[in-house]
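Read through the structure below, which is laid out as structure tokens, and then see the notes.
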């Protein structure tokens, strides 16, 4: 009797274990901001229903610099707990060894994506990650305020400075003491590299390190751009802007306390959300241009991808999840709900997206002309290059030395870091 | 047992009865210490030795096995250029590192100083007899009980330049003429970190000092009272000398803690040179940059600096951990 019971119990537990082995348990990391985690959960629920696999989200800090340090540590330790990583567009060369090659798994869908994005995620012929969405920032502006003061949307940074100052002064005189002219990402982290690269490029100052590996940052156009940005702190931008990342700057903007705001497209749907005080009162435009011979409007290329850890105990299920998260279906949902830019060209002609998120079709051209950060030429040293750059810019913004002085030191540091070759 | 006869001659010279008892006790003590020593060796000793080893190699985090021994290159090396000029490189001549050392030492000195003074005041208050003393003693520990990351985030919002409560209060009370970006600007960021750290660790200091205060016999004060000694004089002539051993030990605990400050600064302030400490810089090199060996050299030097300062403190302050100088 008891022996029989024991046998039955043992058999049941064996079947339970076998059943569990068929349905994989996956983990994905996400440092998404705003309503991103909620959105991801919704998409994963669909994936779970379709495949029977279970996916857990491991939330991460929103700073991409913080995320990178953690991921690098986990991957170096061969961590098997995380199967799928969400990776920034700049990470592919630095983490390529630790991710599975997705060329074979994605061969049917890879042609749907923009070739330049696939190329950015390919290291020595290995497809390191599949694109989930791409990013190119926008200048958010308050159309009601521009209308009130009879101003045009600024085409140059000088115009933006003047307009921001005038509207800010006017609003403050009207009793709105909290009003600021312009908020952006000024904390010393990867986001400042993005913002500052846009200023430098828009003044014709190059892109820090050029595609052939030359260090180009120490030039008068770059210095002029960064000096102009330094003049904003304490005048049209709050001093606290020196500590703002995306979400802090969006906080000021979305409370209705800024005339202009530089951010990625995700802030578009959040700004138009039901609880947003500025819903319907703002619009987006390309970032302003600088002045000088090579002046243009410049947007830093961003974007996130999904990569599969080579230490994943269940690589097939993990690859299926990565393919799902980069699929046209999820990207369309993402575009509709999160206003993230798709990486699949066909979605830019989608009628639903155009109706709900007009920023997306309008942004196709901007992201196609976006400036890449110098992660390709500087390879594994990119993070240090970026850190040196943002430190030099942060010092200038904080009033420690002029841009010309700091860029000269930066050039010397970069040259030493480069050594014989990157 | 027969082995006991092999005891060293020095011990044999001691009275026999005590010797046997003592030896038994020492054996038991050693036995009880073994698990702790093993645990310490595994979680502290081994990683420390690994870090020191890596600091003499060219290790990269993506391939630790391939690390090659390069000697002192991460600490100090020089190259002679063709023109004949000598260029010195390495951690010992890295201005970023010495800036971080200065930030750390300055932070540690100021925070421990304020915490000791405030902790002493709090402890004196708590040592007095009053109603509800138990509740106050428990309540004062709350800042210490909150995890640092949580309190750093909480203070981050309170210090926020736009919607922070401190700026709001300051403006309403007329203390501030305009909102201050406490954590963002170089001149106030360190002050903000100090405020939060002092808020957080004063209770710990107060608790250790309070334990020392309660060891002081009451009759000394009674005698002083009868002799008409002024309370201030009582404090400097009786309380302070008698509580000194406890105070010195409390300070050393805090000093060790403050010298490796990481979480508060990492969470609360921008990653700028004005607040970067040794630990923050070491982490950045270890994980964010492809410089695992250089970061290991920083960790090793951090360890040596803390060890050096601690030895100096114990030596100069004549700290005795057995409380025997009373």
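Chains as they are written, first to last, in the working numbering: chain A, 176 to 597; chain B, 528 to 853. Note that beta-carbon positions come from the ideal geometry of N, C-alpha and C, so glycine has one too. None of the values given here were measured: they were computed from a predicted structure.
Which residues does DSSP pair with residue i in a beta bridge?
i: residue 261 of chain A; result: A/481
i: residue 507 of chain A; result: Beta-bridge pairing links residue 507 of chain A to no other residue.
i: residue 202 of chain A; result: A/231
i: residue 390 of chain A; result: A/384
i: residue 316 of chain A; result: A/435 and A/458
i: residue 590 of chain B; result: B/587
i: residue 301 of chain A; result: A/298
i: residue 288 of chain A; result: A/519
i: residue 569 of chain B; result: According to DSSP, which records beta bridges pairwise, residue 569 of chain B is partnered with nothing at all.
i: residue 806 of chain B; result: Paired residues: none, contrary to the question.
i: residue 546 of chain A; result: A/475
i: residue 308 of chain A; result: A/479
i: residue 412 of chain A; result: A/408
Starting from residue i and walking both ways along the beta strand (DSSP E), at which residues does that stretch end?
i: residue 438 of chain A; result: 433-438
i: residue 324 of chain A; result: Residue 324 of chain A -> no beta strand (DSSP E), and no H or E assigned at all.
i: residue 356 of chain A; result: 355-358
i: residue 605 of chain B; result: 604-607
i: residue 496 of chain A; result: Note, residue 496 of chain A: premise wrong, no beta strand (DSSP E); alpha helix (DSSP H) at 490-500.
Going by beta carbon distance, what residues of the same chain come within less than 7 Å of residue i, once the five residues before and after it are set aside?
i: residue 545 of chain A; result: 311, 474, 475 and 476
i: residue 686 of chain B; result: 693, 709, 710 and 719
i: residue 538 of chain B; result: Confidence at residue 538 of chain B is low in this model, with a pLDDT of 49, below 50, so the placement of that residue is unreliable and no value is reported for it.
i: residue 781 of chain B; result: 639, 642, 728 and 732
i: residue 209 of chain A; result: 441 and 445
i: residue 126 of chain A; result: Limits of chain A in this structure are 176 at one end and 597 at the other, which puts residue 126 of chain A out of reach.
In the DSSP assignment, the alpha helix (DSSP H) including residue i goes from what residue to what residue?
i: residue 771 of chain B; result: 767-786
i: residue 536 of chain A; result: 534-543
i: residue 660 of chain B; result: 660-666
i: residue 614 of chain B; result: Here residue 614 of chain B belongs to no alpha helix (DSSP H); instead the beta strand (DSSP E) covers 613-616.
i: residue 758 of chain B; result: 758-761
i: residue 239 of chain A; result: 239-251
i: residue 364 of chain A; result: Here residue 364 of chain A belongs to no alpha helix (DSSP H), and DSSP marks it neither H nor E.
i: residue 487 of chain A; result: Note, residue 487 of chain A: premise wrong, no alpha helix (DSSP H); not H, not E.
i: residue 568 of chain A; result: 557-572
i: residue 793 of chain B; result: 790-795
i: residue 596 of chain B; result: That residue, residue 596 of chain B, is in no alpha helix (DSSP H); it is neither H nor E in DSSP.
i: residue 448 of chain A; result: Here residue 448 of chain A belongs to no alpha helix (DSSP H), and DSSP marks it neither H nor E.
i: residue 742 of chain B; result: That residue, residue 742 of chain B, is in no alpha helix (DSSP H); it is neither H nor E in DSSP.
Among the residues of its own chain, which have a CB less than 8 Å from the CB of residue i, if the five just before and after it don't count?
i: residue 242 of chain A; result: 204, 206, 235, 236 and 263
i: residue 533 of chain B; result: Unreliable placement is indicated for residue 533 of chain B, whose pLDDT of 46 sits below 50; no coordinate value is reported for it.
i: residue 530 of chain B; result: At residue 530 of chain B the pLDDT is 44, less than 50, meaning the model places this residue with poor confidence and gives no usable figure here.
i: residue 807 of chain B; result: 627, 789, 792, 793 and 798
Within its chain, find whatever has a CB closer than 6 Å to the CB of residue i; leave out the 5 residues flanking it on each side and keep chain order.
i: residue 176 of chain A; result: Bear in mind that the predicted position of residue 176 of chain A carries a pLDDT of just 46, short of 50, making it unreliable; the figure below should be weighed with that in mind. Result list for residue 176 of chain A: empty, nothing under 6 Å.
i: residue 200 of chain A; result: 229
i: residue 119 of chain A; result: This structure leaves residue 119 of chain A out entirely; chain A is present only between 176 and 597.
i: residue 641 of chain B; result: 725
i: residue 823 of chain B; result: 578, 581 and 582
i: residue 253 of chain A; result: 486
i: residue 529 of chain A; result: 536
i: residue 578 of chain A; result: 398, 401, 402 and 571
i: residue 826 of chain B; result: 578 and 809
i: residue 495 of chain A; result: none
Any heavy atom of the ligand ADP within a distance shorter than 7 Å of the CB on residue i?
i: residue 340 of chain A; result: By its list of ligands, the structure shown contains no ligand whatsoever, and the ligand ADP lies outside what it can speak to.
Quick one: measure Cβ to Cβ for residue i and residue j, integer angstroms, because I've assumed they're closer than 8 Å.
i: residue 357 of chain A; j: residue 433 of chain A; result: 7 Å
i: residue 802 of chain B; j: residue 694 of chain B; result: Their Cβ separation, rounded to whole angstroms, is 20 Å, which puts residue 802 of chain B and residue 694 of chain B out of contact at 8 Å.
i: residue 306 of chain A; j: residue 550 of chain A; result: Between residue 550 of chain A and residue 306 of chain A the Cβ distance is about 15 Å, and since that is not below 8 Å, they are no contact.
i: residue 600 of chain B; j: residue 572 of chain B; result: Not confirmed; about 25 Å, so no contact.
i: residue 259 of chain A; j: residue 481 of chain A; result: 6 Å
i: residue 652 of chain B; j: residue 778 of chain B; result: With a Cβ gap of about 20 Å, residue 652 of chain B and residue 778 of chain B do not count as contacting.
i: residue 799 of chain B; j: residue 679 of chain B; result: Residue 799 of chain B to residue 679 of chain B, Cβ: 16 Å. No contact.
i: residue 614 of chain B; j: residue 624 of chain B; result: That belief does not hold up - the Cβ atoms of residue 614 of chain B and residue 624 of chain B are roughly 17 Å apart, past 8 Å.
Thinking C-alpha only, which one of the options is nearest residue i?
i: residue 526 of chain A; options: A/472, A/536, A/562 and A/374; result: A/536
i: residue 458 of chain A; options: A/233, A/366, A/240 and A/429; result: A/429
i: residue 441 of chain A; options: A/515, A/467, A/283 and A/454; result: A/515
i: residue 736 of chain B; options: B/766, B/810 and B/598; result: B/766
i: residue 273 of chain A; options: A/289, A/247 and A/202; result: A/247
i: residue 574 of chain A; options: A/402, A/336, A/467 and A/218; result: A/402
i: residue 570 of chain A; options: A/517, A/408, A/421 and A/496; result: A/408
i: residue 742 of chain B; options: B/654, B/633, B/591 and B/628; result: B/654
i: residue 467 of chain A; options: A/323, A/333 and A/233; result: A/333
i: residue 455 of chain A; options: A/390, A/443 and A/386; result: A/443
i: residue 832 of chain B; options: B/690, B/707 and B/635; result: B/635
Check the Cβ-Cβ distances between residue i and every residue of chain D, and say whether any is below 8 Å.
i: residue 798 of chain B; result: In the structure shown, chain D cannot be found, because the protein chains are A and B.
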